[in-house]
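**Student:**
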Amino acid sequence: MTWRTPHRGPVHTGERALAPDLARGFMLLFIAIANSVWYLWAGDPGLMNVHPAPEGVLDRAAQFFTVMAVDMRSYPMFAFLFGYGMVQLATRQEAAGADVRDVNALLRRRNLWLIVFGFLHALLLWMGDILGAYGVAGLLLGWLFLRRRPATQMVWAWVIVGLMALLTAFGLAGLAFTLAGGDLGAQSSVGGSITSTAANISDPSVLGAALGRISAWPFLSLGQALGLAVPAAVLFGFWAARRRVLEEPGEHLSLLRLTAFLGIATGWLGGLPAALAQIGVWDLAPGQVEMLLMWHMLTGLAGGLGYIALITLVARRLDARGRAHGPVVTAIVATGKRSLSSYLAQSVLCAPVLAAWGLGLGGQLTAWTMFLYAVAVWLVTVAAAYAMERAGVRGPAETLLRRLAYRRGSPGRATAPAAGAEHLREDPGRPSP
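Residue numbers (the UniProt record's numbering): 1 to 433.
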């Protein structure tokens, strides 16, 4: 008889932690807002970001909130949850008796398929894809750090944060020097890079836009995967998962409260300079705005972690009520359970409608109307996820990823799934005891 290493069965509804899905579902709203700005292709992008010059008070309000609270704050949060999910998946499989080598192979396949998903996403719809970046980060950081001690993971996360702080100090010193009248000479061309990256959205040719997206995608994916904020957030996620912070928030209340308060305050105050510059309150030259880039990224990492901590505290309060969640919470959680499908659905609802190669609506919208469009897109995905939840249907992208990652008949694959395995998802909630 040939023995195969069993794989853990599904995470049942009653054992899922509320916080990760609630966080994913809510923060997909911020993802929609952040990405939609790129579709304002008729305006001239800025140098540190793609926001065009505001045309009125409503544009200024939308841009002020987006730059301060959303830009570079939502993706670190998802990177944290991605790292958290990797550890939880490995923990759940090994608790069921799976061999460590088979679990590592499963994680590698999953991350490789995420890269494939990202390639197709960029080719067909959206050059700002994050799936490829997270796949690369998962392969590299999983290989280097997944099996390391939590203390080691935390040390390296703070080493990266320290490097970000050092680069931030250089940028702020340069900004202070120029504000005092100094001249730094030739400066970087972040704005030119942004303009060329966004050019595929304003390209009326379907083929030309696709070629533009796919040529930029490898560099964007590697840049995001290795760009300090994402690796740091993933490592923080590794550490937190080993401590079961999201499953057992009552055991980590001081940490969560401190992170929520300091993280969000740092994120919002840190985003304030760029937000004021964007709406014209603080008059900065383009090169001076670029010097705020690393500051914005560093404080964005803090803001993303703060959002997670706050949502975890809210989830704990909801669970403490001891009754079924209402339709709003259920719908947002359902979106989080189907975060991959919901993320891809955003591109389906945005790219063909807003890009110049599609209907071109993005050329007619301004900052505040695009903000409303992004919120509407998120609400559509929430409604769709809620309908699937009521029908007991998993997200199509999650289903496909699971089938590809869990190859039937491969070494380490259970010959028969555990009871209820039809409900198994790739992103785990609470692992079994």
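Just so it is clear, CB atoms sit at the ideal spot from N, CA and C, and this is done for glycine as well. Given the structure is predicted, the values throughout are model-derived calculations rather than measurements.
1) Check L228 in the structure and name its three-state DSSP category.
2) Chain B beta carbons: is any one of them nearer than 8 Å to that of L89?
3) Measure the CB-CB distance between G135 and L163 and report whether it falls below 8 Å.
4) In this structure, how does DSSP classify Y406 when only helix, strand and coil are distinguished?
5) Just to confirm, are A320 and A384 a CB contact at a threshold of 8 Å?
6) Which whole-angstrom value describes the C-beta separation of F117 and V234, a residue pair presumed to lie in contact below a C-beta threshold of 8 Å?
7) Is it true that the CB of W295 sits closer than 8 Å to the CB of L172?
8) State yes or no: is the C-beta of residue 482 within less than 8 Å of the C-beta of A331?
9) Do the CB positions of A79 and V230 come within less than 8 Å of each other?
10) What residue range does the alpha helix (DSSP H) around T259 cover?
11) Kindly indicate the opening and closing residues of the alpha helix (DSSP H) around S202.
12) With burial defined as no fewer than 16 other Cβ atoms inside 10 Å of the residue's Cβ, what is the status of Q93: buried or exposed?
13) On the criterion of 16 or more Cβ atoms from any shown chain inside 10 Å, does F177 qualify as buried, or is it exposed?
14) Is the distance from the Cβ of H252 to the Cβ of R242 below 8 Å?
15) Do the stretch 217 to 227 and the stretch 285 to 292 meet, that is, are 3 or more Cβ pairs less than 8 Å apart?
16) Which residues in the same chain as residue 454 place their Cβ atom closer than 7 Å to its Cβ, once the five residues preceding and following it in sequence are excluded?
17) When the Cα atoms are used, what is the spatial distance from G303 to L379?
18) Between V57, A133, L310, which lies nearest to R24 when the distance is taken from Cα to Cα?
**Tutor:** Put simply:
1) coil
2) Among the protein chains of the structure shown there is no chain B, as only one such chain exists.
3) no
4) coil
5) no
6) Going by Cβ atoms, the distance from F117 to V234 rounds to 18 Å, so no, they are not a contact pair.
7) yes
8) No statement about residue 482 is possible, as the shown extent of the chain runs from 1 to 433 and does not include it.
9) yes
10) 253 to 278
11) Unbroken run through S202: none, as it is neither H nor E.
12) buried
13) exposed
14) no
15) no
16) Because the chain here runs from 1 to 433, residue 454 falls outside it and cannot be looked at.
17) 23 Å
18) L310
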